[in-house]
Amino acid sequence: STHSAHGGPEPTLSTEVDDPSHPLYHHRRIVTDFDYGDILGEGSYSTVLIGRDKRSGKQYAIKRLDKAHIVKNNKVKYVMIERDALSRMNHPGIVKLYWTYKDNRSLYFVLDMARNGELYTYIRRLAPFDFETTRFYAAEILLAIEHIHERGVIHRDIKPENILLDDAMHIKITDFGSAKIIDETDADDSSADDAAAARSFVGTAEYVSPELLKSDPVSKEADMWAFGCVIYQMLSGKSPFKAPTDYLIFQKIKNLEYTMPDDFPQTAKDIIQRLLTADPQQRLGSQALGGIQAIKDHPFFDGVDWENIFTSTAPPLK
Ligand code: ADE
Numbered sequence: 025s026t027h028s029a030h031g032g033p034e035p036t037l038s039t040e041v042d043d044p045s046h047p048l049y050h051h052r053r054i055v056t057d058f059d060y061g062d063i064l065g066e067g068s069y070s071t072v073l074i075g076r077d078k079r080s081g082k083q084y085a086i087k088r089l090d091k092a093h094i095v096k097n098n099k100v101k102y103v104m105i106e107r108d109a110l111s112r113m114n115h116p117g118i119v120k121l122y123w124t125y126k127d128n129r130s131l132y133f134v135l136d137m138a139r140n141g142e143l144y145t146y147i148r149r150l151a152p153f154d155f156e157t158t159r160f161y162a163a164e165i166l167l168a169i170e171h172i173h174e175r176g177v178i179h180r181d182i183k184p185e186n187i188l189l190d191d192a193m194h195i196k197i198t199d200f201g202s203a204k205i206i207d208e209t210d211a212d213d214s215s216a217d218d219a220a221a222a223r224s225f226v227g228t229a230e231y232v233s234p235e236l237l238k239s240d241p242v243s244k245e246a247d248m249w250a251f252g253c254v255i256y257q258m259l260s261g262k263s264p265f266k267a268p269t270d271y272l273i274f275q276k277i278k279n280l281e282y283t284m285p286d287d288f289p290q291t292a293k294d295i296i297q298r299l300l301t302a303d304p305q306q307r308l309g310s311q312a313l314g315g316i317q318a319i320k321d322h323p324f325f326d327g328v329d330w331e332n333i334f335t336s337t338a339p340p341l342k
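Heads up: the sequence shown is residues 25 to 342, going by our numbering.
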């Protein structure tokens, strides 16, 4: 049998749920319950396909992960975290995980289909968004982040590529592959792991918080930083710390080197500046400064109907 570097047995790559009280226990599904169609997206370890439930006809986004590839690259732990984090979520602004199953080659996650794809595509095509539209999407994203944090998870990869849009143009946050589970039940909690993860950072550099670059412990406030970057991007069309290389992006982030366009509304300038604060304790939305409620109470969000936003009509993106 295989053994990992630290001498212990390799964790088994299994998605079995043996507990009848677990939300994924009921109505177990298998590969042949679905027809598979077009590819919606591809990552390094996974492919997202359209899947149609043969019984109900309902369409889902089915994430297929290659087991051999995951084991070979030591990503088993991250796949487990992604599944555990997703299965805690129950919110209109977050893709729901309905079932998981496997065959010899792959693991499968059956997710909500977000038919209109990535917010990123709309920003590329249509930004700058007007103030109303920016505020609407910012408010939905904030409610989704609030739920993620309430359920004991830090997303750690909030960016327009991971904010999907459903058929009514409401958001659904996806990709919990970088998430961290922060409550007491997390046996794997280790700041040594975080420091190691920070050193080996790969991916989109633009939304990374200064504390992650310093290998300081990353907390919920890292998602607030990324949220500030996304508001800036909707209003301007570009992310605040853009540069030709990751190294130069990191330099800009460390030096808090960004410019606020003159034409941003004053309340937008203010909320962005408070979210793009280097010290996580001083950042708007930090536990110390009143958490998510303090963000909702900022004048930028004056007039938002927080209770009904996900059942309201989305403003036109033109
Ligand atoms: N691409 C990746 N995940 C998706 C999803 N849940 N819905 C639509 N497209 C996607």
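Cβ coordinates follow ideal geometry from the N, Cα and C atoms, glycine included. In this text the structure is predicted, and so the values were computed from the model without any measurement.
- Sequence-distant partners of I54 (beyond 5 residues in either direction) whose C-beta falls short of 7 Å from its own C-beta, in its chain, are Y125.
- Between the alpha carbons of A302 and A250 lies a gap of roughly 12 Å.
- Taken through DSSP and simplified to helix, strand or coil, K87 comes out as strand.
- Looking at Y132, C253, K238, the one whose alpha-carbon comes closest to that of Y231 is C253.
- Comparing alpha carbon positions, the residue from K196, H51, D191 closest to H115 is K196.
- Look at L110: its beta carbon is at least 7 Å from all of the heavy atoms in the ligand ADE.
- Sorting T335, P268, L121 by C-alpha distance to the C-alpha of E164 places T335 at the top.
- Measuring C-alpha to C-alpha distances from A246 to each of L188, R307, M193 identifies R307 as the nearest.
- Secondary structure at E66: strand, using DSSP grouped into helix, strand and coil.
- In its chain, beyond the 5 residues on either side, A109, A203, I205 have a beta carbon closer than 6 Å to the beta carbon of V177.
- The beta carbon of F288 is closer than 7 Å to those of L259 in its chain, skipping five residues each way along the sequence.
- The way I'd put it, the region 119-134 doesn't touch the region 173-187; fewer than three beta-carbon pairs between them come closer than 8 Å.
- Around the beta-carbon of Q257, 16 or more other beta-carbon atoms lie within 10 Å, marking it buried.
- As summarised for the region 124-148, the continuous beta strand (DSSP E) elements at least 3 residues long and confined to that stretch are 130-135, given in chain order.
- Rounded to whole angstroms, the gap between the alpha carbons of E185 and R79 is 31 Å.
- A direct Cα-Cα distance of roughly 42 Å separates Y69 from G327.
- For L188, the shortest separation between its Cβ and any heavy atom of the ligand ADE lies below 7 Å.
- With respect to the C-alpha of F265, the residue from T291, K276, T337 having the closest C-alpha is K276.
- If only complete runs of 4 or more residues are kept, the region 96-122 shows the alpha helix (DSSP H) at 100-112, in order along the chain.
- A residue is called buried when at least 16 other Cβ atoms come within 10 angstroms of its Cβ; I316 meets this threshold and is buried.
- Beta-bridge pairing by DSSP links L188 to E142, K196.
- If you draw a straight line from the Cα of R88 to the Cα of Q297, it is about 39 Å long.
- Annotated as distal: R180 and V119, with beta-carbon spacing of 8 Å or more.
- At least one heavy atom of the ligand ADE sits closer than 7 Å to the Cβ of M137.
- Taken atom to atom, the span from the alpha-carbon of T228 to that of R52 is near 35 Å.
- As the crow flies, the alpha-carbon of V103 is around 7 Å from that of G201.
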